[in-house]
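Using the working numbering, the letters of the sequence shown map in sequence onto residues 568 to 713. For each residue, glycine too, the CB sits at the ideal point set by N, CA and C.
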Amino acid sequence: MLDKGFTVPELALPALPQPVSWLPLPDGWYWLAVCLALVAGVWGLFRVARWRRNRWRREASALARNLNNADDWLEVVRRILLVHHPRAEVSRLQSVEEVLAQVPLDADLVTALAERYCQPDNRLPEPVNARIRGQIAQWLKETPDV
Numbered sequence: 568m569l570d571k572g573f574t575v576p577e578l579a580l581p582a583l584p585q586p587v588s589w590l591p592l593p594d595g596w597y598w599l600a601v602c603l604a605l606v607a608g609v610w611g612l613f614r615v616a617r618w619r620r621n622r623w624r625r626e627a628s629a630l631a632r633n634l635n636n637a638d639d640w641l642e643v644v645r646r647i648l649l650v651h652h653p654r655a656e657v658s659r660l661q662s663v664e665e666v667l668a669q670v671p672l673d674a675d676l677v678t679a680l681a682e683r684y685c686q687p688d689n690r691l692p693e694p695v696n697a698r699i700r701g702q703i704a705q706w707l708k709e710t711p712d713v
């Protein structure tokens with residue numbers, strides 16, 4: 568065939584199509600960016616909601632760090648109870664023992680708080696305060712979110 572004037576096409580370097588990209592088309596990147604932005608937004612909303620739900624816990628923990636008398640401890644316990652129970656139910660609790668029955672405190676700490684509540688000398692010794700602080704902190708960790 569070469570005798571008759573036909574030329575041989577260049578088979579050594581054939582014309583190849585454009586290479587296929589491993590990355591998605593630009594529209595795919597836009598959709599991926601929108602989806603990631605939505606997921607990040609929803610995650611951020613859940614984090615902010617959780618942070619706001621736990622505000623009472625942070626405030627109670629901050630208050631408990633500086634307390635040293637029975638009246639202040641009872642006030643904080645009542646505030647925490649008001650977060651989880653209706654106001655009418657908490658207001659029915661008249662005695663210190665009734666209020667502290669809702670809190671997992673040791674019996675000797677309940678007795679110490681009840682004896683010193685509304686007394687002129689209602690300051691508690693530092694070891695007692697430290698034990699109350701630790702048990703209240705544990706109670707705050709175990710209470711459910713509001």
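Contacting residues, own chain, Cβ-Cβ under 7 Å from residue i (five flanking each side not counted)
| i | result |
| --- | --- |
| asparagine 621 | Asp712 |
| valine 650 | Trp623, Val713 |
| valine 670 | Val644, Trp706 |
| alanine 704 | Ser628, Ala631 |
Length of the line joining the Cα atoms of residue i and residue j
| i | j | result |
| --- | --- | --- |
| glutamine 585 | tryptophan 610 | 41 Å |
| tryptophan 706 | alanine 607 | 33 Å |
| arginine 645 | leucine 612 | 30 Å |
| asparagine 635 | leucine 680 | 11 Å |
| alanine 655 | serine 662 | 15 Å |
| aspartate 639 | tryptophan 598 | 56 Å |
| cysteine 602 | tryptophan 596 | 10 Å |
| arginine 700 | glutamate 693 | 10 Å |
| histidine 652 | leucine 592 | 56 Å |
Buried or exposed by the 16-neighbour rule on C-beta atoms within 10 Å, applied to residue i
| i | result |
| --- | --- |
| arginine 632 | exposed |
| alanine 627 | buried |
| alanine 637 | buried |
| arginine 617 | exposed |
| alanine 614 | The sequence as given places arginine at residue 614; alanine does not occur at that position. Exposed, because fewer than 16 other Cβ atoms sit within 10 Å of the Cβ of arginine 614. |
| arginine 683 | buried |
Whole-Å CB distance - residue i paired with residue j, under 8 Å assumed
| i | j | result |
| --- | --- | --- |
| leucine 667 | valine 677 | 5 Å |
| leucine 672 | glutamine 702 | 5 Å |
Minimum Cβ-Cβ distance from residue i to chain C less than 8 Å
| i | result |
| --- | --- |
| valine 657 | Among the protein chains of the structure shown there is no chain C, as only one such chain exists. |
Cβ shell of residue i (< 8 Å), same chain only, five flanking positions each side left out
| i | result |
| --- | --- |
| glutamine 686 | Ala637 |
Where in the region 644-692 do unbroken runs of the alpha helix (DSSP H), each at least 4 residues long, occur, reported from the N-terminal end onward?
654-658, 663-667, 674-683
Just list the alpha helix (DSSP H) runs in the region 580-635, keeping only unbroken ones of 4 residues or longer that don't cross its boundaries, in chain order.
593-620, 622-631
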